[in-house]
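One structure is given below, encoded as structure tokens.
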Amino acid sequence: MKIIFKVGANHLIGIDVGFSSIKVAEVIRSGKKFQLVNFAYEDLPEGSIIDAEIHQLPEVTTALINCFQKSGIKNKNVVLGLFGPSSTMFKKVEISQGTKDEMEDQIFWEAEQYLPFDSEDANIAYHMVGENEGGGIIVIVAAAKKEMVKVYSDLVEMSGLTPHVFDLNLMSISNLYEVTASEDEKKENPNTLFVDFGGQYTKLMLLKEGIPVFSREINLGGYNITEDIQRKMGITFSEAENLKIFGDGQGNYPEDILTIMASNMSNVIGEIKKTISFYMTTVNQDNIHFCYITGGSSLLPGLIDKLAEALEVKVKLFDPLAKMSISKKIESEALDNFVRYRGATALGLALREINE
Ligand SMILES: Nc1ncnc2c1ncn2[C@@H]1O[C@H](COP(=O)(O)OP(=O)(O)OP(=O)(O)O)[C@@H](O)[C@H]1O
Ligand SMILES: [Mg+2]
829 MKIIFKVGAN HLIGIDVGFS SIKVAEVIRS GKKFQLVNFA YEDLPEGSII DAEIHQLPEV
889 TTALINCFQK SGIKNKNVVL GLFGPSSTMF KKVEISQGTK DEMEDQIFWE AEQYLPFDSE
949 DANIAYHMVG ENEGGGIIVI VAAAKKEMVK VYSDLVEMSG LTPHVFDLNL MSISNLYEVT
1009 ASEDEKKENP NTLFVDFGGQ YTKLMLLKEG IPVFSREINL GGYNITEDIQ RKMGITFSEA
1069 ENLKIFGDGQ GNYPEDILTI MASNMSNVIG EIKKTISFYM TTVNQDNIHF CYITGGSSLL
1129 PGLIDKLAEA LEVKVKLFDP LAKMSISKKI ESEALDNFVR YRGATALGLA LREINE
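Numbering of the sequence shown is given in the working numbering, commencing with residue 829 and proceeding in unit increments.
Here it is as structure tokens:
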């Protein structure tokens, strides 16, 4: 599943091209044990990727090359995550049993209803995850715009790497959850929501006993908050970014910054609540049992409490390294923190290939 197309290979490097930085991760597995052996990130110039489209290809290529060099990764075979509400699609569908061709027809027909672009422009992949109570088949469908696959393939190839698998960034969380959550946890909190508070998007992924059932990418992120601070305070973008992340350097934030952050957080939390409530009442008819958050903007002060109050559920920072050891090579505390809060997507992608 999760494959848009695949050429082969066993050991792949996860690449997460995010709005604010590129992250690369190499995870090795021995039996049931996982180790993060290499990780690096490289900031992207502001505006180089907008709405999942690469606007500054040479800069992004240089960043990817630098990122690989810094990481010490020798393996050039990679899995790349695609993203963006207008260029990718994720959908859980239910179809009736039939011959392979009949079922494929149903899957593609269902998928077409939800594609945000023409079906001729789509690469579509699917995975049958099991049977529903009525004897139908539950299928997870992932799609990406062909043009996007081409652009990101070119980026990878120009960086001297070989693209083997294209996944959806959104799916990386379920890969990781498979590693971090016990069967008991999945049973105890069957409806677990993940929220990735990134730079440009806030991504939602709802897992039901570990199976991805619903997702959404909301076009609001940390960038919007920094921009708002910049505008309202009349300062530069990087001054605003610093104020947002560090406050006065001692963990204190000026009152007007706290107000701007709070109003932006309310906006995004309002969207999350609306989206999830609608899905839960119309489709799932159940409650969310637990919520994990990740991404750089998940560190915004007060976010956890505000989200918990809105969703009426326990919210915790997700630890992607909970069941993974870290190689001694990655021993800086700064990098360790970066991996923990902003590396989940790259780590999840890097796991992608291991079970094949
Ligand atoms: N300590 C912090 N407090 C608040 N915000 C932070 C902190 N650290 C980083 N951020 C914000 O997190 C964002 C970057 O996070 P992350 O790396 O998860 O996003 P991304 O992957 O680049 O974006 P996207 O997933 O939307 O493509 C930036 O907007 C940055 O300002
Ligand atoms: Mg991200």
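Ideal Cβ positions, reconstructed from N, Cα and C, are used throughout, including at glycine.
- Pairing A972 with L892 gives a Cβ-Cβ distance that is not under 7 Å.
- In this model, Q863 and V855 are separated by some 6 Å (Cα to Cα).
- Shortest gap from the CB of T1110 to any heavy atom of ligand 2: 6 Å or more.
- For M917, DSSP records a beta bridge to A971.
- Distance from P991 to V906 at the Cβ level is roughly 6 Å; contact confirmed, criterion being Cβ atoms closer than 8 Å.
- Put simply, the backbone Cα of E887 is about 28 Å away from that of E1159.
- Proximity to F936 across A970, T916, I1073 peaks at A970, based on C-alpha coordinates.
- As the crow flies, the alpha-carbon of K928 is around 14 Å from that of I966.
- Checking the 6 Å criterion, the Cβ of G859 is out of range of every heavy atom belonging to ligand 1.
- Around the beta carbon of V993, 16 or more other beta carbons sit within 10 angstroms, so the residue counts as buried.
- By the Cβ rule, the segment 1005-1024 counts as touching the segment 1112-1131, because three or more pairs are nearer than 8 Å.
- Exclusion of the five residues before and after S899 leaves V852, N866, A868 as the residues of its chain whose Cβ lies within less than 6 Å of its Cβ.
- Relative to ligand 1, even the nearest heavy atom lies 6 Å or more away from the CB of R1180.
- In the displayed model, R1180 falls within coil according to three-state DSSP, outside both helix and strand.
- Distances from the CA of S1002 to each of F918, T1110, E874, S1091 were compared; the closest alpha carbon is that of F918.
- Annotation for I1001: the continuous alpha helix (DSSP H) segment containing it runs 1000-1008.
- At a cut-off of 6 Å, the beta-carbon of G1026 counts as near ligand 2: some heavy atom of the ligand is closer than that.
- L1149 has its alpha-carbon roughly 30 Å from the corresponding atom of L1086.
- Separation of L885 and I850 (C-alpha to C-alpha, rounded to the nearest whole angstrom) is 13 Å.
- In the structure shown, the three-state DSSP call for P1082 is coil.
- Residue burial annotation: F896 is buried, with at least 16 other C-beta atoms found within 10 angstroms of its C-beta.
- Put simply, of V1141, K1031, E1016, G988 the residue whose alpha carbon is nearest the alpha carbon of L998 is K1031.
- In this structure, the CA atom of S981 is about 44 Å from the CA atom of N1080.
- Within the segment 1046-1127, the runs of beta strand (DSSP E) at least 3 residues long that lie entirely inside it are, in chain order, 1118-1122.
- Taking 7 Å as the cut-off, the beta carbon of L1177 is found no closer than this to the beta carbon of S1066.
- Contact between S1105 and Y1169 does not hold, since their C-beta atoms are separated by about 27 Å, which reaches or exceeds 8 Å.
- CA-CA distance, F1146 to V1167, rounds to 11 Å.
- Residue side-chain check: T916 keeps its Cβ at 6 Å or more from all non-hydrogen atoms of ligand 2.
- Each residue's CA atom was taken as its position, placing S1010 and D1114 some 22 Å apart.
- Judged by beta-carbon spacing, I1088 lies within the 7 Å limit of K1060, meaning their Cβ atoms are closer than that value.
- Ranked by how close their Cα comes to the Cα of K1015, the residues F1025, Y1029, K1036 have K1036 in first place.
- In the DSSP assignment, S1153 falls within the beta strand (DSSP E) that extends over 1152-1154.
- Straight across, the Cα-Cα distance linking S1043 with E930 is about 26 Å.
- A straight-line Cα-Cα distance of about 8 Å links D879 and Q1028.
- Per the coordinates, the alpha-carbon of Y942 lies some 46 Å from the alpha-carbon of G1077.
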